[in-house]
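Undergrad:
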Amino acid sequence: MAIEVLLPKLGLTMEEGTVDEWLVADGDVITIGMPLLRLATDKIDVDVEAEAEGIIARAVGNGATLAPGSVLGWLLAPGETAPGETAPAGATPVAALPAGTSDSSPQPSSDTPAEVSGSIATTGSGVASGRHFISPNARRVAAQLGVDLASVRGTGPGGRVVSEDVEELARSHAAKVTSPLARRDAQQAGIDVNAVQTETGYVTRRDVREAISGQAISGQAISGQGVAEPTASSSVSILPPGQESASIIPLKGMRGTIAARMVQSLTEMAQLTHGFEVCMDQVVELRGTLKEQYRDLGMQVPSLNDFVVRAAALALRKHPI
23 MAIEVLLPKL
33 GLTMEEGTVD
43 EWLVADGDVI
53 TIGMPLLRLA
63 TDKIDVDVEA
73 EAEGIIARAV
83 GNGATLAPGS
93 VLGWLLAPGE
103 TAPGETAPAG
113 ATPVAALPAG
123 TSDSSPQPSS
133 DTPAEVSGSI
143 ATTGSGVASG
153 RHFISPNARR
163 VAAQLGVDLA
173 SVRGTGPGGR
183 VVSEDVEELA
193 RSHAAKVTSP
203 LARRDAQQAG
213 IDVNAVQTET
223 GYVTRRDVRE
233 AISGQAISGQ
243 AISGQGVAEP
253 TASSSVSILP
263 PGQESASIIP
273 LKGMRGTIAA
283 RMVQSLTEMA
293 QLTHGFEVCM
303 DQVVELRGTL
313 KEQYRDLGMQ
323 VPSLNDFVVR
333 AAALALRKHP
343 I
């Protein structure tokens, strides 16, 4: 029977979510734990995973904004057709869950493409039982650095791949990180990007142009010719130094909400700073005790902010909004 894929409710105050991007196409065979789509809300961006198996039939497209519990698609058996606007009576609703979560476990918070010359490999893997948990921020960082996420070993909760894992793999790789435009210019000029001198280890289009200019000047000096003056038709970049190309990123989701709230608070509310004192003696004492235990176990020592966040979370459980 058809299994409904529903838009999950990710928070107590969540009223709607937007399908940022489908990660699968109609007709794809889906297994449990496979990422189906990227969901954006006003507070968090997450990958939504399949909690059942079947053949996906999408009901909405990219950019659709729906309320929690809305039907995003169906998982069908072989030979089964997708229902119409109203699911058949025998349909079993299954709310899809964010990547790396289960019904009884808390949801972990999330955190111009580039390329890395050469192949990146690692002995570990973020895949466990066929499920590859990747935070949306890690996907963005991987796209920027050109890192293959299948090669990244996840160190987050439950083996989840976080942005720090991607950055660490990129740093440990011997090859230089190269922007797409820089790689294209280098290929057209016949230059090995690994031979381009750069102080940061990140090869930009500017670095490649300087390398090309250096070769041209060297060749002209040997042949006794002067350096050609720039002509009126020469292209001149108006972008700031180090910026490869201009791009427009829509202000939406969590970032859009933050921007709207900041403007709203500045224009519609009186500016006031309120402070109060809290006795943290017992917290400081407890942190001192945990510091030795955690360091012996090789774990990160919780900060005072961690204690405050936990206290706020416990308070929200007792007093939901």
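If you read the sequence shown in the working numbering, its first letter stands for residue 23, the second for the next number, and so on.
Where is the CB? At the ideal position from N, CA and C, for every residue including glycine.
#1: Could you work out which residue in Leu326, Val188, Glu75 and Tyr316 is closest to Asp303 when comparing CA atoms only?
#2: Is it the case that the CB of Ala208 approaches a heavy atom of the ligand GDP more closely than 6 Å?
#3: Determine the extent of the alpha helix (DSSP H) in which Arg275 is found, giving its start and end residues.
#4: By Cβ distance below 7 Å, which residues in the same chain neighbour Thr253 in space, the five residues on each side in sequence not counted?
#5: Determine the burial state of Ile343: buried for a count of at least 16 other Cβ atoms within 10 Å of its Cβ, exposed for fewer.
#6: Have a look at the DSSP bridge pairing and note the partners of Asp67.
#7: Which residues in the same chain as Asp50 place their Cβ atom closer than 8 Å to its Cβ, once the five residues preceding and following it in sequence are excluded?
#8: Who are the Cβ neighbours of Ala45 in its own chain at under 7 Å, not counting the five residues just before and after it?
#9: Assign Ala208 to one of three DSSP states: helix, strand, or coil.
#10: Measure the C-alpha to C-alpha separation of Leu319 and Leu336 and round it to an integer number of angstroms.
#11: In chain order, what residues of the same chain lie with their CB nearer than 7 Å to the CB of Asp48, ignoring the 5 residues before and after it?
#12: Closest to Ile25 by CA distance: which of Glu102, Leu308 and Gly85 is it?
#13: Looking only at its chain, what residues have a beta carbon closer than 8 Å to the beta carbon of Glu43, apart from the 5 residues adjacent to it on each side?
#14: Have a look at Val68, Val93 and Gly39 and flag the residue whose alpha-carbon is nearest the alpha-carbon of Asn159.
#15: Just verifying my parser: in three-state terms, what is the DSSP assignment at Arg175?
#16: What does the alpha-carbon distance come out to for the pair Tyr316 and Val218?
#17: Report all residues from its chain with a CB closer than 6 Å to the CB of Thr220; omit the five preceding and five following residues, and keep chain order.
#18: May I have the straight-line CA-CA distance separating Glu71 from Gly55, to the nearest angstrom?
#19: Is the CB-CB distance between Ala204 and Thr177 below 7 Å?
#20: Out of Leu34, Val93 and Ser194, which one is the CA nearest neighbour of Thr40?
#21: Tell me the rounded alpha-carbon separation between Val116 and Ala104.
#22: Between Lys31 and the rest of its own chain, which residues show a CB-CB distance below 6 Å, the 5 nearest in sequence each way excluded?
#23: For Phe298, count neighbouring Cβ atoms within 10 angstroms of its own Cβ and tell me buried if that reaches 16, exposed if not.
#24: Check whether the Cβ of Met291 lies closer than 7 Å to any Cβ atom in chain D.
#25: Whole angstroms are fine: how far does the CA of Cys301 sit from the CA of Gln166?
#26: Start and end of the alpha helix (DSSP H) containing Arg317?
#27: Could you tell me the distance, in whole angstroms, from the CA atom of Lys274 to the CA atom of Arg339?
#28: With distances taken between CB atoms, is the gap from Leu29 to Leu88 smaller than 7 Å?
#29: Taking the beta carbon of Leu294 as the centre, do at least 16 other beta carbons fall within 10 Å, making it buried, or is it exposed?
#30: Bridge partners of Arg40, per DSSP?
#31: Would you grab the beta carbon distance between Val174 and Val183 for me? Rounded to a whole angstrom, and I think it's under 8 Å.
#32: Are Met36 and Thr63 close, meaning C-beta to C-beta below 7 Å?
#33: Alpha helix (DSSP H) containing Leu191: first to last residue?
TA: For this structure:
#1: By one-based count along the sequence shown, residue 303 stands at place 281. Checking every option, the nearest Cα to that of Asp303 belongs to Leu326.
#2: Among the components of this structure there are no ligands whatsoever, and the ligand GDP is therefore not found.
#3: Working through the sequence shown from its first residue, we reach residue 275 at position 253. The sequence given here places Gly at residue 275; Arg does not occur at that position. Note, Gly275: alpha helix (DSSP H), Gly275 to Glu290.
#4: For the purposes of this step, residue 253 is taken as the residue at position 231 of the sequence shown. At Thr253, the pLDDT of 46 sits below 50, so the modelled position is not reliable and the matter cannot be decided from this model.
#5: As a first step, residue 343 is located in the sequence shown; it is residue number 321 there, counting from the start. Exposed, by the Cβ-count rule.
#6: Against the sequence shown, residue 67 aligns to sequence position 45. Its beta-bridge partners are Ala62.
#7: Position 28 of the sequence shown, counting from 1, holds the residue named residue 50. Only Ile77 and Ile78 meet the Cβ criterion.
#8: In the sequence shown, the residue the question calls residue 45 occupies position 23. Here residue 45 is Leu; the residue named in the question, Ala, does not match the sequence. Closer than 7 Å at the Cβ level, and outside the excluded window around Leu45, lie Pro57, Leu58, Leu59 and Arg60.
#9: Against the sequence shown, residue 208 aligns to sequence position 186. Helix.
#10: Residue numbering aside, residue 319 sits at position 297 when the sequence shown is read from its first letter. Residue numbering aside, residue 336 sits at position 314 when the sequence shown is read from its first letter. Near 26 Å, if we compare the C-alpha coordinates of Leu336 and Leu319.
#11: Taking the first residue of the sequence shown as position 1, residue 48 is located at position 26. Closer than 7 Å at Cβ, skipping near neighbours: Ile78, Ala79 and Arg80.
#12: Translated into the one-based positions of the sequence shown, residue 25 becomes position 3. Closest option to Ile25, Cα to Cα, is Glu102.
#13: Your numbering for residue 43 matches position 21 in the sequence shown. Excluding residues within five positions, the ones whose Cβ falls inside 8 Å are Leu59, Arg60 and Asn84.
#14: Counting from 1 along the sequence shown, the entry for residue 159 is found at position 137. The candidate whose alpha carbon is nearest that of Asn159 is Val68.
#15: Locating residue 175 in the sequence shown gives position 153, where the first residue counts as 1. Looking at Arg175 - three-state DSSP - the assignment turns out to be coil, as it is neither helix nor strand.
#16: Locating residue 316 in the sequence shown gives position 294, counting from the first residue. Locating residue 218 in the sequence shown gives position 196, counting from the first residue. Cα-Cα distance, rounded: 44 Å.
#17: Locating residue 220 in the sequence shown gives position 198, where the first residue counts as 1. Excluding residues within five positions, the ones whose Cβ falls inside 6 Å are Asp229.
#18: The residue labelled residue 71 in the question sits at position 49 within the sequence shown. The residue labelled residue 55 in the question sits at position 33 within the sequence shown. Whole-angstrom Cα-Cα distance: 5 Å.
#19: Working through the sequence shown from its first residue, we reach residue 204 at position 182. Working through the sequence shown from its first residue, we reach residue 177 at position 155. Contact: no.
#20: On the sequence shown, position 18 is the one that residue 40 refers to. Answer by Cα proximity: Val93.
#21: For this step, residue 116 is matched to residue 94 along the sequence shown. For this step, residue 104 is matched to residue 82 along the sequence shown. Low confidence applies to Val116: its pLDDT is 48, below 50, so where it sits in the model is not reliable, and the reading given next is rough at best. Computed Cα separation, rounded: 16 Å.
#22: Residue mapping note: residue 31 aligns to position 9 of the sequence shown, counting from 1. Cβ within range, chain order: Pro90.
#23: Residue numbering aside, residue 298 sits at position 276 when the sequence shown is read from its first letter. With fewer than 16 other Cβ atoms within 10 Å, it is exposed.
#24: This model lacks chain D altogether, as it is built from one protein chain only.
#25: Mapped onto the sequence shown, residue 166 falls at position 144. Mapped onto the sequence shown, residue 301 falls at position 279. Gln166 and Cys301: Cα-Cα distance of roughly 44 Å.
#26: Here residue 317 corresponds to residue number 295 of the sequence shown, with the count starting at 1. Taken as a continuous stretch (DSSP letters only), the alpha helix (DSSP H) holding Arg317 covers Asp303 to Asp318.
#27: Within the sequence shown, the letter at position 252 stands for residue 274. Within the sequence shown, the letter at position 317 stands for residue 339. Approximately 29 Å, taken between the alpha carbons.
#28: The count along the sequence shown starts at 1 and reaches residue 29 at position 7. The count along the sequence shown starts at 1 and reaches residue 88 at position 66. Yes, the pair counts as a contact, with Cβ atoms nearer than the cut-off.
#29: What you label residue 294 is simply residue 272 of the sequence shown in a count that begins at 1. Flag for Leu294 reads exposed.
#30: Numbered from its first residue, the sequence shown carries residue 40 at position 18. Contrary to the premise, residue 40 reads as Thr rather than Arg in this sequence. In DSSP, Thr40 forms a bridge with Ala62 and Thr87.
#31: For the purposes of this step, residue 174 is taken as the residue at position 152 of the sequence shown. For the purposes of this step, residue 183 is taken as the residue at position 161 of the sequence shown. Rounded, the Cβ-Cβ distance is 5 Å, consistent with contact.
#32: Residue 36 sits at position 14 when you count from the first residue of the sequence shown. Residue 63 sits at position 41 when you count from the first residue of the sequence shown. Result yes, Cβ atoms of Met36 and Thr63 sit closer than 7 Å.
#33: For this step, residue 191 is matched to residue 169 along the sequence shown. From DSSP, the alpha helix (DSSP H) with Leu191 extends over Ser185 to Ser194.
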